[in-house]
Amino acid sequence: MRTRADPDGDDHFIVNGRKQFISGMDIADYALVALRTNQQAKKQLGISTFLVDTKLPGIEVRRIKTLGQHSIGTTEVTFTDVRVPRSALLGELDKGWSICEDTLRYERLCLSAARIGAARRAFEFALDYAKNRTQFGKPIGSFQVIQHKFADMKIMLDTAQTMVRRYAWLMENGQAERADTAVLKYCVGETFKSISDTCLQVLGGYGYCNEYPIQRFFRDSRLATIGGGTSEIQKNIIAASLGL
Numbered sequence: 331m332r333t334r335a336d337p338d339g340d341d342h343f344i345v346n347g348r349k350q351f352i353s354g355m356d357i358a359d360y361a362l363v364a365l366r367t368n369q370q371a372k373k374q375l376g377i378s379t380f381l382v383d384t385k386l387p388g389i390e391v392r393r394i395k396t397l398g399q400h401s402i403g404t405t406e407v408t409f410t411d412v413r414v415p416r417s418a419l420l421g422e423l424d425k426g427w428s429i430c431e432d433t434l435r436y437e438r439l440c441l442s443a444a445r446i447g448a449a450r451r452a453f454e455f456a457l458d459y460a461k462n463r464t465q466f467g468k469p470i471g472s473f474q475v476i477q478h479k480f481a482d483m484k485i486m487l488d489t490a491q492t493m494v495r496r497y498a499w500l501m502e503n504g505q506a507e508r509a510d511t512a513v514l515k516y517c518v519g520e521t522f523k524s525i526s527d528t529c530l531q532v533l534g535g536y537g538y539c540n541e542y543p544i545q546r547f548f549r550d551s552r553l554a555t556i557g558g559g560t561s562e563i564q565k566n567i568i569a570a571s572l573g574l
């Protein structure tokens with residue numbers, strides 16, 4: 331993390347730097363911003379979190395054109411000598427990483443629930459299509475190769491939804507560990523990606539057309555295994571929790 335906040339007297343900080351892939355910054359009134367306030371500290375140490383007014387002078391926001399997730403886009407944010415009041419500091423100075431982790435846990439739970447909902451909608455749309463689309467004189471859903479695709483997707487959906495409920499229970503009871511978060515993120519992300527891809531395949535050429543909603547699920551699902559920590563990073567976290 332290179333974006334920094336340097337003290338400016340007793341009541342303000344001066345923020346300089348740039349942040350990439352920040353969701354919704356172009357429509358937000360305030361942003362939760364993690365900044366390095368101790369330049370000598372390593373890794374997670376020396377980070378503070380601020381609730382920053384996005385209308386402050388010196389903040390420049392550029393929306394990035396992306397493959398999917400058009401409803402709430404991602405942005406590049408540049409801070410140039412932005413004067414942020416000390417009153418915007420959340421928690422203690424140099425101890426903001428725990429706030430970031432707590433925020434990520436909640437974010438991943440909410441996103442996972444939303445992605446399961448999107449995956450289920452794609453599944454239902456493709457299932458209805460398979461029951462009504464005819465080839466060789468009968469619905470394509472009567473062919474075993476299509477039936478097995480839906481059976482596999484049903485198993486994946488129910489498993490991932492159970493994972494969401496399990497993680498919600500762990501959070502509610504203060505038992506959610508970092509590895510639990512990684513398991514949830516990986517399971518749901520890969521499920522959404524796989525189901526949207528399979529549903530598009532079931533629809534064939536129509537799935538590739540913008541007239542049908544499956545292409546949107548397909549595009550949106552690619553972020554699920556990348557944003558907020560890639561699937562590969564989640565595996566690293568899980569392996570580390572096992573002492574490997």
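For what it's worth, the working numbering labels the leading residue of the sequence shown as 331, then goes sequentially. Ideal Cβ placement from N, Cα and C applies to all residues, glycine included. Values in this document were obtained by computation on a predicted structure and should not be read as measured data.
Outcome for residue i when other beta-carbon atoms lying within 10 angstroms are tallied against a minimum of 16
i, result
"Arg465", "The identity of residue 465 in the sequence shown is Gln, whereas the question assumes Arg. Burial call: exposed."
"Gly426", "buried"
"Gln564", "buried"
"Asp482", "exposed"
"Tyr459", "buried"
"Leu553", "buried"
"Ile389", "buried"
"Gly323", "Since the first residue of the chain shown is 331 and the last is 574, residue 323 is not available in this structure."
"Val475", "exposed"
Residue i in three-state terms, based on DSSP
i, result
"Ile357", "coil"
"Asp482", "helix"
"Phe466", "coil"
"Thr408", "strand"
"Arg495", "helix"
"Glu390", "strand"
"Asn346", "strand"
"Lys425", "strand"
"Phe473", "coil"
"Ile563", "helix"
"Arg334", "strand"
"Tyr542", "coil"
"Gly558", "coil"
"Ala449", "helix"
"Thr396", "coil"
"Ala460", "helix"
"Lys385", "coil"
"Ala506", "coil"
"Gly573", "coil"
Residues sharing a beta bridge with residue i, DSSP
i, result
"Thr379", "Ala364 and Leu420"
"Phe522", "DSSP, once it has assigned bridges, lists no residue as partnering Phe522."
"Pro415", "His342"
"Ile352", "Thr405"
Contact with chain C by residue i, beta-carbon distance below 8 Å
i, result
"Lys484", "Absent from the structure: chain C. Only one protein chain is present."
Nearest-angstrom Cβ-Cβ length linking residue i and residue j, presumed shorter than 8 Å
i, j, result
"Met486", "Leu514", "No, Met486 and Leu514 are not in contact; Cβ-Cβ is about 14 Å, not under 8 Å."
"Ala490", "Val414", "The Cβ separation is near 40 Å, so there is no contact."
"Lys396", "Ile352", "In the sequence on display, residue 396 carries Thr and not Lys. About 12 Å; that fails the 8 Å criterion."
"Ala443", "Cys529", "In fact, because the Cβ distance is near 19 Å, the residues do not count as touching under 8 Å."
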